[in-house]
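Undergrad: So the sequences go chain by chain: R and W. In this text, residue positions in the first sequence follow this note's numbering: the first is 149, and each later residue adds one. In this text, residue positions in the second sequence follow this note's numbering: the first is 149, and each later residue adds one. We treat Cβ as the ideally placed atom computed from N, Cα and C, and that holds for glycine. Keep in mind the model is a prediction, meaning the values are calculated, not measured.
Number of protein chains: 2
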Amino acid sequence: MKNSNNRHRVTAYRASIFHVLHDPGMEKDEAATEYFEDGLLVVENGHVVKVGPAEALLTQLPTDVNTVDHTGKLIVPGFIDVHTHYPQVDIIAAYGEQLLQWLNKYTFPTEIKFTDEEYAQDVAEFFLDELLRNGTTTALVMATTHQSSVDVIFNASRQRNMRIIAGKVLMDRHAPNELLDTPETGFEHSQELIEKWHKQDRLSYAITPRFAPTSSDAQLEQVGWLAKEYPDAYVHTHVAENKKEIEWVAELFPWSRSYLDVYDHFGLLRERSVFAHCIHLNDDDHARMTQSGAAVAFCPTSNTFLGSGLFNLEHARAKNIRIGLATDVGGGTSFSMLQTLSDAYKVQQLAGSRLSPYRGFYLATLGGAEALYLEDRLGNFLPGKEADFIVLDYAATPLIQRRLQATTTIDENLFALMMLGDDRVVSATYIMGECSHTRN
Amino acid sequence: MKNSNNRHRVTAYRASIFHVLHDPGMEKDEAATEYFEDGLLVVENGHVVKVGPAEALLTQLPTDVNTVDHTGKLIVPGFIDVHTHYPQVDIIAAYGEQLLQWLNKYTFPTEIKFTDEEYAQDVAEFFLDELLRNGTTTALVMATTHQSSVDVIFNASRQRNMRIIAGKVLMDRHAPNELLDTPETGFEHSQELIEKWHKQDRLSYAITPRFAPTSSDAQLEQVGWLAKEYPDAYVHTHVAENKKEIEWVAELFPWSRSYLDVYDHFGLLRERSVFAHCIHLNDDDHARMTQSGAAVAFCPTSNTFLGSGLFNLEHARAKNIRIGLATDVGGGTSFSMLQTLSDAYKVQQLAGSRLSPYRGFYLATLGGAEALYLEDRLGNFLPGKEADFIVLDYAATPLIQRRLQATTTIDENLFALMMLGDDRVVSATYIMGECSHTRN
């Protein structure tokens, strides 16, 4: 972990500042957000001390306080990506398949390469640097079935002092032999990794059965034991993404009420459980998500790229289900949470709903923190939170620069950034008050 | 028009070169395309002389031939955008509405500003520069109802020597008074513009009724006369985009068999007629499109952004309808035809179909030329074609660079560029052999 002087003294960042206090809902709920046109974010020892209007706050600070001037730009909390696969970097944008064929044709072959630790490390470094380039400061990450794939991503995350949650994939059937564990080894290896990594520095462990079709009943039972034994570790899996997948699950688990019910049966619906996709859930499933405190990872670029379907955010949110936004690289097509918001908006439009810019930025920050039960540490700039934040450039491209000359309000600016933005918008990324990326 | 020495002598461009000879269909039809890993594109006086493998062709050329080396990059024909609105630059990414509300809330107010010629010129210059930045060398463009809005875009296009088709919007009802013409003035002003601009240099005129709801029967009758009087001018309008729009058309034209039938009734289905969207056509409509030789402009970023629906490309193409790809700025969300292809792929996946990279690049180049009846001049590198081409950078971003290290074939490269690319991929844009844009 870096340990420079900056982290141990007060630094004040001056810029326009926007953050979200609670879900703004469908429309422009001003009370749900705070915006300071000329704002100051005060950071000490890697944590937020306060945020507010610059002129007023500056009078309260010592005159020799270290000030970093980002005037003309916009500071927002770092983005939180609640579902992604670091081993899939090299198969992003792979042609022509829907989920089940895509797994067999592209995913499993690339994951087999992670027996090679050097390759794994190269991918992990690239992956984390792409997160930082795109303003993503926290992510929930699937590794591969190899224990070492988890060591690699955690070591690289620790070097960057990033709050990363990851876990070894559990998979004992319906995949190439090289990728299979057993109920016993899956359990043991996961347990060893939890003991080694969970809650070390900013790292947390996720118990990670890939999805129901690749785990036997016996393995899911073991996973249930882990989930019970380590209640503050995460559970991370996929559910109800693709219709053929759902039919297959119904064949494999004929006793189940629904796909989600398979996980429920083995005790995997609980707080800190994150289910990617949830496109095709029924009312009973929604009720169980709400009751259990489990969360949805909404993956719009992946759901469109793989032709999986349209997740209805409004419907799920009306049931008070926790929902975060996710890139789902490499089924997803972008590391950028801004581009992910653009597709999220389009998916909602096609589903006959809306995604306001306030709710969009909520999903990408505080909503993600809530999905991960990290809202006491991340997601906005309330005092005491960890100072992961990003600086957005209103002049990142000629089109964005021109478009923003025609806007008058912060919600218009946010909407233009989410529809037109990409990694170029992220001028700088700070991890606990340390600058970890600047756009060149 | 520029008139430098380059246009009057032979220049040979060395790079990887890809172009499409005919529609490759759903899958990888190698015979439909040509690819030269180490290729040479030979240009004389703004036209293609030949294309082929570099080593063989170089032996046939004079030793002192002017050679431009783009080795390591990929040359493809310039992109053709068959439906876009230059006046809507400043309302791209406007929040929260579907078609009819979006027109009233954002589009009409911004188009009223085009009474100010200085503003119009500023927008036109920006618009064309964005086309070049994104590798688009030809576009079919809606102006506003103001005659001067057409003068402005044609003057700016002529300065750049771009092959641009544009026209004055005809609209005599259901819009703000400031934007309305009458059946008579609409006819006269269009006719004057045709006489002034059509076939001047590389410019062509499009007779441009906005869409059926904003033209009375009397105006559509006048438009029909224009379409008949000027058979080599284009007709450019919208059809069957949004379900509420379709219901409205059925109310306004109770005698019509369908929305498309309104245009058919007034003689507007013919060669060189381009209909944007065509999402909700029935079998009879498809048959009339095929018979008449009219073309579809497929606008995926707009159709998703405005929640209009999913155009089924495979279905329409199976009927032999001409189809081009279009950004539809500002209902569309990007000037980039690569990003447009990304959304096109996703729309096809959601519609249960596929869009191969070969067909994708076909749509963005030769397919567009065919939709505009310009396949004798544009769309690929056959001898005699106008030398509008672009140079694509395989190392445009760290992600693209890394992803392309994992590919082995040109179709994989093309697919990665269409899913991950944006304006940064376009390293240079050439108009008739003149370099008109280089990425800095």
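What's the gap between the Cα of R:PRO172 and the Cα of W:GLU369?
TA: So the alpha carbons of these two residues sit roughly 50 Å apart.
Undergrad: Could you give the first and the last residue of the continuous beta strand (DSSP E) run that contains W:ALA314?
TA: Start and end: 311–315.
Undergrad: Are there 16 or more other CB atoms within 10 angstroms of the CB of W:CYS426, so buried, or fewer, so exposed?
TA: W:CYS426 comes out buried.
Undergrad: Return the residue from the list R:ALA160, R:ALA323, R:TYR183 that minimises the CA-CA distance to R:PRO210.
TA: Cα-wise, what sits closest to R:PRO210 is R:ALA160.
Undergrad: Kindly indicate the opening and closing residues of the alpha helix (DSSP H) around R:TYR506.
TA: 505–510 is the extent of the alpha helix (DSSP H) around R:TYR506.
Undergrad: Is the CB-CB distance between W:HIS167 and W:PHE563 below 8 Å?
TA: Against a cut-off of 8 Å, the Cβ pair of W:PHE563 and W:HIS167 comes out as no contact.
Undergrad: So who's on the other strand from W:TYR353, going by DSSP bridges?
TA: In the DSSP output, where bridge partners are listed per residue, W:TYR353 has W:ALA314.
Undergrad: Are the C-beta of W:ARG525 and some C-beta of chain R separated by less than 8 Å?
TA: No, its Cβ sits nowhere closer than 8 Å to a Cβ of chain R.
Undergrad: Can you look up R:ASP491 in the DSSP assignment and give me helix, strand or coil?
TA: The answer is helix: DSSP assigns R:ASP491 an H, G or I state.
Undergrad: Quick one: is W:ASN325 buried, meaning 16 or more other Cβ sit within 10 Å of its Cβ, or exposed?
TA: Looking at its Cβ environment, which holds fewer than 16 other Cβ atoms inside 10 Å, W:ASN325 is exposed.
Undergrad: Got a sec: which bits of the segment 216–243 of chain R sit with their beta carbon under 9 Å from any beta carbon on chain W, in order along the chain?
TA: Of all residues in the segment 216–243 of chain R, VAL237, ASP238, ILE239, ILE240, ALA241, ALA242, TYR243 have a Cβ within less than 9 Å of some Cβ in chain W.
Undergrad: Taking Cβ-Cβ distances shorter than 8 Å, what residues in chain W pair up with R:PRO505?
TA: Under the 8 Å cutoff, chain W gives TYR243.
Undergrad: For W:SER421, write down the residues that DSSP places opposite it in a beta bridge.
TA: W:SER421 pairs with W:VAL383.
Undergrad: Kindly indicate which three-state DSSP category W:PHE414 falls into: helix, strand or coil?
TA: Coil, per DSSP.
Undergrad: If you draw a straight line from the C-alpha of R:VAL539 to the C-alpha of R:SER364, how long is it?
TA: R:VAL539 and R:SER364: Cα-Cα distance of roughly 46 Å.
Undergrad: By DSSP, does W:PHE446 sit in helix, in strand, or in coil?
TA: Here W:PHE446 sits in strand by DSSP.
Undergrad: Do W:GLY532 and W:GLY472 have their CB atoms nearer than 8 Å?
TA: No, they are not a contact pair.
Undergrad: R:GLN236 to W:GLN348, Cα distance in whole Å?
TA: Each residue's alpha carbon lies about 52 Å from the other.
Undergrad: With H, G and I counted as helix, E and B as strand and the rest as coil, what does DSSP make of W:ILE558?
TA: Reduced to three states, the DSSP call for W:ILE558 is helix.
Undergrad: Using a Cβ cut-off of 8 Å, which residues of the segment 160–175 of chain R contact any Cβ in chain W, in chain order?
TA: Within the segment 160–175 of chain R, no residue has a Cβ that lies closer than 8 Å to any Cβ of chain W.
Undergrad: Less than 8 Å between CB atoms is the rule here; does R:SER490 satisfy it with respect to chain W?
TA: Closer than 8 Å: yes.
Undergrad: With a threshold of 8 Å between beta-carbons, can W:PRO546 be considered close to chain R, or not?
TA: Interface residue, yes.
Undergrad: Tell me the rounded alpha-carbon separation between R:ASN309 and R:PHE275.
TA: Computed Cα separation, rounded: 15 Å.
Undergrad: What's the gap between the Cα of R:GLY500 and the Cα of W:SER456?
TA: For R:GLY500 and W:SER456, the distance between alpha carbons rounds to 9 Å.
Undergrad: Assess contact between the segment 558–576 of chain R and the segment 189–202 of chain R, defined as three or more Cβ pairs (one per stretch) separated by less than 8 Å. Is contact present?
TA: Short answer: they don't touch.
Undergrad: Quick check on W:THR481: buried or exposed, where buried means 16 or more other Cβ atoms within 10 Å of its Cβ?
TA: W:THR481 is buried by the Cβ-count criterion.
Undergrad: In this structure, does DSSP put W:PRO127 in helix, strand or coil?
TA: Any property of residue 127 of chain W remains undetermined from this structure, which presents chain W solely from 149 to 588.
Undergrad: Name the residue from R:LEU417, R:LEU568, R:LEU547, R:ALA544 whose alpha carbon lies nearest to the alpha carbon of R:ILE355.
TA: Closest by alpha carbon: R:LEU417.
Undergrad: Give the interface partners of W:ARG587 over in chain R, defined as CB-CB distance under 8 Å, in chain order.
TA: Simply none; closest approach about 12 Å.
Undergrad: Comparing alpha-carbon positions, which option in R:PRO331, R:ASP329, R:LEU400 lies nearest R:ALA360?
TA: Checking every option, the nearest Cα to that of R:ALA360 belongs to R:LEU400.
Undergrad: Pick out the complete alpha helix (DSSP H) segments inside the segment 170–244 of chain R, 4 residues or longer, and give them in chain order.
TA: The qualifying runs are 202–208.
Undergrad: By alpha-carbon positions, which one of R:LEU454, R:CYS447, R:LEU461 ends up nearest to R:LEU116?
TA: Limits of chain R in this structure are 149 at one end and 588 at the other, which puts residue 116 of chain R out of reach.
Undergrad: Could you tell me the distance, in whole angstroms, from the CA atom of R:ASP571 to the CA atom of R:ARG281?
TA: Looking at the two C-alpha atoms, the distance is approximately 6 Å.
Undergrad: Per DSSP, R:SER164 forms a beta bridge with which residues?
TA: Answer is R:LEU222, bridged to R:SER164.
Undergrad: So, under 8 Å CB-CB, W:VAL422 and W:ALA398 are touching, yes? Tell me the CB distance rounded to an integer number of Å.
TA: The pair is not a contact, with the Cβ atoms about 23 Å apart (cut-off 8 Å).
Undergrad: Closer than 8 Å is the cut-off here; do at least three beta carbon pairs connect the segment 459–466 of chain R with the segment 235–249 of chain R?
TA: Not touching, per the Cβ criterion.
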